[in-house]
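A quick write-up on the structure given underneath.
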Amino acid sequence: MTAPVAVATADTALADAPKPKRRRRRRYHAGEVLAAYACLAPSAVIFAVFMYYPLYQLFVEATHQSNSFGTKSRYVGFGNIGDVLGGSDFMSGLGHTLLYVVYTVPAGLILGILLAVAAHRHLRGIKIYQTIFSSTVATSVAVTSVIFLTLINPSTGVLKIDILNNPDWALFGVSWSSIWQNIGLSFLIVLAGLQAIPEELLEAATLDGYGPVRRFFKVTLPLLSPVLLFLVVVLVVFALQSYAQVDILTQGGPAGATETLVYKITQNQSPRLMSNGAAMSIGLFVVTVIITALQFGLLSKRVNYDQ
Amino acid sequence: MAGVTFDAVTKRYGDVTAVADLDLTIADGEFLVLLGPSGCGKTTALRMIAGLEDITDGRLSIGDRVVNDVDPRKRDVAMVFQSYALYPHQNVAKNIASPLTVREYRVDGENEPRKLTKAERDERIDEAARMLGLEPYLKRKPGALSGGQRQRVALARAIVARPQVFLMDEPLSNLDAKLRTQTRAELVDLHRRVGTTIVYVTHDQVEAMTMATRIAVLDNGRLQQVGTAEEVYDTPANLFVAGFIGTPPMNTFTARVSEDGRRVIIGRGGNAALGGAPLADAAPSPDAALTAGRLVLDDAKAALVRPGNDVIVGVRPEHLHLAAGDDEHSGDAISGRVHNVEWLGHEAVIAVDVAGSTIAVRQRADRELPDVGADVSLAPAPGGVHLFDPATSERLG
Numbered sequence: 001m002t003a004p005v006a007v008a009t010a011d012t013a014l015a016d017a018p019k020p021k022r023r024r025r026r027r028y029h030a031g032e033v034l035a036a037y038a039c040l041a042p043s044a045v046i047f048a049v050f051m052y053y054p055l056y057q058l059f060v061e062a063t064h065q066s067n068s069f070g071t072k073s074r075y076v077g078f079g080n081i082g083d084v085l086g087g088s089d090f091m092s093g094l095g096h097t098l099l100y101v102v103y104t105v106p107a108g109l110i111l112g113i114l115l116a117v118a119a120h121r122h123l124r125g126i127k128i129y130q131t132i133f134s135s136t137v138a139t140s141v142a143v144t145s146v147i148f149l150t151l152i153n154p155s156t157g158v159l160k161i162d163i164l165n166n167p168d169w170a171l172f173g174v175s176w177s178s179i180w181q182n183i184g185l186s187f188l189i190v191l192a193g194l195q196a197i198p199e200e201l202l203e204a205a206t207l208d209g210y211g212p213v214r215r216f217f218k219v220t221l222p223l224l225s226p227v228l229l230f231l232v233v234v235l236v237v238f239a240l241q242s243y244a245q246v247d248i249l250t251q252g253g254p255a256g257a258t259e260t261l262v263y264k265i266t267q268n269q270s271p272r273l274m275s276n277g278a279a280m281s282i283g284l285f286v287v288t289v290i291i292t293a294l295q296f297g298l299l300s301k302r303v304n305y306d307q
Numbered sequence: 308m309a310g311v312t313f314d315a316v317t318k319r320y321g322d323v324t325a326v327a328d329l330d331l332t333i334a335d336g337e338f339l340v341l342l343g344p345s346g347c348g349k350t351t352a353l354r355m356i357a358g359l360e361d362i363t364d365g366r367l368s369i370g371d372r373v374v375n376d377v378d379p380r381k382r383d384v385a386m387v388f389q390s391y392a393l394y395p396h397q398n399v400a401k402n403i404a405s406p407l408t409v410r411e412y413r414v415d416g417e418n419e420p421r422k423l424t425k426a427e428r429d430e431r432i433d434e435a436a437r438m439l440g441l442e443p444y445l446k447r448k449p450g451a452l453s454g455g456q457r458q459r460v461a462l463a464r465a466i467v468a469r470p471q472v473f474l475m476d477e478p479l480s481n482l483d484a485k486l487r488t489q490t491r492a493e494l495v496d497l498h499r500r501v502g503t504t505i506v507y508v509t510h511d512q513v514e515a516m517t518m519a520t521r522i523a524v525l526d527n528g529r530l531q532q533v534g535t536a537e538e539v540y541d542t543p544a545n546l547f548v549a550g551f552i553g554t555p556p557m558n559t560f561t562a563r564v565s566e567d568g569r570r571v572i573i574g575r576g577g578n579a580a581l582g583g584a585p586l587a588d589a590a591p592s593p594d595a596a597l598t599a600g601r602l603v604l605d606d607a608k609a610a611l612v613r614p615g616n617d618v619i620v621g622v623r624p625e626h627l628h629l630a631a632g633d634d635e636h637s638g639d640a641i642s643g644r645v646h647n648v649e650w651l652g653h654e655a656v657i658a659v660d661v662a663g664s665t666i667a668v669r670q671r672a673d674r675e676l677p678d679v680g681a682d683v684s685l686a687p688a689p690g691g692v693h694l695f696d697p698a699t700s701e702r703l704g
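If you read the sequences in order, they're chains A and B.
For the first sequence, position 269 matches number 269 in the numbering used here, and the numbering has no gaps at all.
Just add 307 to wherever you are in the second sequence, counting from 1, and you've got the numbering used here.
Structure below.
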């Protein structure tokens, strides 16, 4: 996705330099070809075993219907995938999942930037704050979810917020736990990005008359853009795959209000429902690919890779 | 335009004093070079002018205005950074325009400063781009420029603001040798054309000698000497300056004034560039060490010393005349043995061992060169002897 940008800079760079000779494609010896394939083999095997074969198996499952015991299955065709993906179950799961993206990604991004900017200072003891802010990276989703549950428990918790039992608000409630969980990662990534920006650049901006706010939006943010694009993509994928927090906090309830796609997929695991689950997995895969491609397509034009 | 005045300015980081009690007046329109080895406080001094470092003590003025507590944005200075600090996401035109978009400027014939109009900004950008030959590159990003071009963009960004003072922090250090020589001349030319005060930091004495109207030599946070290139070279104020300026720098010898007060008896010698001791606090004792030779003092020098005093004698490498054995200099010479000969085409630098350490002799390459291992005698040219106080390192006379 970065290719157009790179080509553009290379072209302008060489505008008045002598044109480099086009590299001639040469023939490789049989030994070289063999060596190349030998080197590729380990990753090819790993991909085949863990990616391509499961993907193939997914299509097999999605196009076959089993009986309740999984002992017999018959081919039901690709129409089954279309039926499942067009059905209300998948659509409601997709709706919850997309809403979850909207709840968690912008909040995670903004909080990550705020905390990183706050902690990117040369102060005594700042490492302590940096460690605290990044601590959730080292904590599993299960642990944060349980802590969160205890924290907001309506009768015994510190915060006593009864949000997970309200169908209109439960998904929003679950998203808090995710936002909190993601803060460590967002913080670390943005902080690393900030530390890569040369101090002299910000000093130059100061002498050019930029105040702190303008300096942030005109210099810091553009230079952070590759890091932020990466972070958005990661946070969106996390949100699309959210499962554990739902399972621990609400088990999809109340009344299915927090059933995300992955949660629904896991609910369709019995032999009879396996084809539905497989079809939904394919749907999630397609949605993830489309959204990620859109992000790169739309955002990478605004991202600056020059350093 | 304005000058800059340091009035007893001190900068401390915790227990470390980076700049100590600096008194320095930089005249309006001057090209002043802050010269010294790394860690001497020159960059800190420059950054204090810019407002990028707080001032611990003393007063710093730009023109008539004390700027200790003035925000960097309001100081009306422009800085060229060692890394150039160009905005990588903006093209050259935008980089150059950067100081014009935010700050307010006083326009000729108007009383109140205001933001410039687009036409005024474009005019200034075009002028700067023309002056520095950047017109073909205005639409490029810095990443697509060579080091020399980036350096010129950084200069253009400084020029468009028409500041009171230009601050430059080792702006040539990232260029190759040839480009550096060329850019030195361009900077001098630029200074001549715009006439603005320039404060320029470098550790390279050649840059200082070739560009500065005056050089301020710093060491260890303290100002050692301020003067023109000639003054700093011909009459170094102390042993540090003597041992820092010149390639190779001045040779120094421990010595004692003879009983008649007309001669100095030479002990050990050394040259900072050859790994020899600069002899900052050395005294020629015990007496037995005074065996390397003796030199005659002229009347002016003899008046500065008393018989029996310890002194440090300094002689520049080009002021030492070299002769084979004893034939030419009779008794008043330093004897040594040739250690190495570096032939550089237009000149030769001859390393000579004198009483255990090495000094440098520079002579024209068309004269006959001694063989390595040959015994030689050395005598200074008339007026070539400098005397320093061994206790304080300060120059005598």
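Note that CB positions come from ideal geometry on N, CA and C, so glycine has one too.
In its own chain, which residues sit with a C-beta less than 7 Å from the C-beta of residue i, not counting the 5 before and 5 after it?
| i | result |
| --- | --- |
| residue 264 of chain A | 89, 93 and 280 |
| residue 643 of chain B | 659, 660, 661, 683 and 685 |
| residue 209 of chain A | none |
| residue 78 of chain A | 63 |
| residue 126 of chain A | 119 |
| residue 411 of chain B | 420, 421 and 422 |
Spatial neighbours of residue i within its chain, please: CB distance less than 8 Å, with the 5 preceding and 5 following residues excluded, ordered by chain position.
| i | result |
| --- | --- |
| residue 652 of chain B | 672 |
| residue 202 of chain A | 215, 219 and 220 |
| residue 677 of chain B | 629, 631, 645, 648, 657 and 683 |
| residue 329 of chain A | The shown model of chain A, from 1 to 307, leaves out residue 329 of chain A, and the question about it has no answer. |
By a C-beta neighbour count over all protein chains shown, 10 Å radius and 16 as the cutoff for buried, is residue i buried or exposed?
| i | result |
| --- | --- |
| residue 160 of chain A | exposed |
| residue 332 of chain B | exposed |
| residue 309 of chain B | buried |
| residue 38 of chain A | exposed |
| residue 180 of chain A | buried |
| residue 45 of chain A | exposed |
| residue 393 of chain B | buried |
| residue 502 of chain B | exposed |
| residue 383 of chain B | buried |
| residue 145 of chain A | buried |
| residue 381 of chain B | exposed |
| residue 294 of chain A | exposed |
| residue 257 of chain A | buried |
| residue 124 of chain A | exposed |
| residue 558 of chain B | buried |
| residue 69 of chain A | exposed |
| residue 434 of chain B | exposed |
| residue 2 of chain A | Since pLDDT at residue 2 of chain A reaches only 38, below the 50 mark, its modelled position is unreliable, and the value read off the structure follows with that caveat. Burial call: exposed. |
| residue 349 of chain B | buried |
| residue 52 of chain A | exposed |
| residue 316 of chain B | buried |
Taking residue i as part of the beta strand (DSSP E), name the residues at either end of that continuous run.
| i | result |
| --- | --- |
| residue 532 of chain B | 529-534 |
| residue 670 of chain B | 664-671 |
| residue 100 of chain A | Element bounds for residue 100 of chain A: not the beta strand (DSSP E) but the alpha helix (DSSP H), 88-119. |
So, at 6 Å on beta carbons, what are the nonlocal neighbours of residue i in its own chain, with the 5 sequence-adjacent residues on each side left out?
| i | result |
| --- | --- |
| residue 693 of chain B | 621 |
| residue 113 of chain A | 190 |
| residue 587 of chain B | Residue placement at residue 587 of chain B cannot be trusted, given a pLDDT of 47 that sits under 50; what the coordinates show is reported in the next sentence. The residues are 546 and 700. |
| residue 288 of chain A | 240 |
What are the start and end residues of the alpha helix (DSSP H) that includes residue i?
| i | result |
| --- | --- |
| residue 289 of chain A | 274-299 |
| residue 266 of chain A | 261-267 |
| residue 122 of chain A | Where residue 122 of chain A is concerned, there is no enclosing alpha helix (DSSP H), given that its DSSP letter is neither H nor E. |
| residue 356 of chain B | 349-357 |
key: Inter-stretch contact at 8 Å, needing at least 3 Cβ pairs: the region 357-366 of chain B / the region 310-320 of chain B   = yes
task = Evaluate contact between the region 519-536 of chain B and the region 367-380 of chain B, counting only Cβ atoms and requiring at least three cross-stretch pairs below 8 Å.
result = By the Cβ criterion, the region 519-536 of chain B is not in contact with the region 367-380 of chain B, since fewer than three pairs of Cβ atoms, one from each stretch, lie closer than 8 Å.
Chain A contacts made by the region 405-427 of chain B, where a contact means CB separation under 7 Å = Within the region 405-427 of chain B, the qualifying residues are 405, 406, 409 and 410.
ask   = In the region 197-208 of chain A, which residues sit with their C-beta less than 7 Å from some C-beta in chain B, listed in chain order?
value = 198, 200, 201, 203, 204, 206, 207 and 208
message = With a threshold of 8 Å, are at least 3 pairs of Cβ atoms found where one atom belongs to the region 598-608 of chain B and the other to the region 568-575 of chain B?
response = Result yes; three or more Cβ-Cβ pairs closer than 8 Å.
key: Contact the region 489-502 of chain B vs the region 534-544 of chain B: 3+ CB pairs below 8 Å   = no
task = Could you list the residues in the region 348-359 of chain B with a C-beta less than 7 Å from some C-beta on chain A, going in chain order?
result = 357 and 359
ask   = Can you find at least 3 beta carbon pairs, one from the region 334-348 of chain B and one from the region 283-302 of chain A, that sit closer than 8 Å?
value = Contact between the region 334-348 of chain B and the region 283-302 of chain A is absent: fewer than 3 CB-CB pairs across the two stretches fall below 8 Å.
inquiry  = Across the region 514-524 of chain B and the region 462-470 of chain B, are there enough close Cβ pairs to call them in contact, namely three or more that are closer than 8 Å?
reply    = no
key: chain B contacts from the region 233-252 of chain A (Cβ-Cβ distance under 8 Å)   = Of all residues in the region 233-252 of chain A, none has a Cβ within less than 8 Å of some Cβ in chain B.
task = Quick one: which residues of the region 386-399 of chain B get their C-beta closer than 7 Å to a C-beta of chain A? List them in chain order.
result = 386, 388, 390, 392, 394, 395 and 396
request  = Closer than 9 Å, Cβ to Cβ, to anything on chain A: give me those residues from the region 372-386 of chain B, in chain order.
outcome  = 378, 379, 380, 381, 382, 384, 385 and 386
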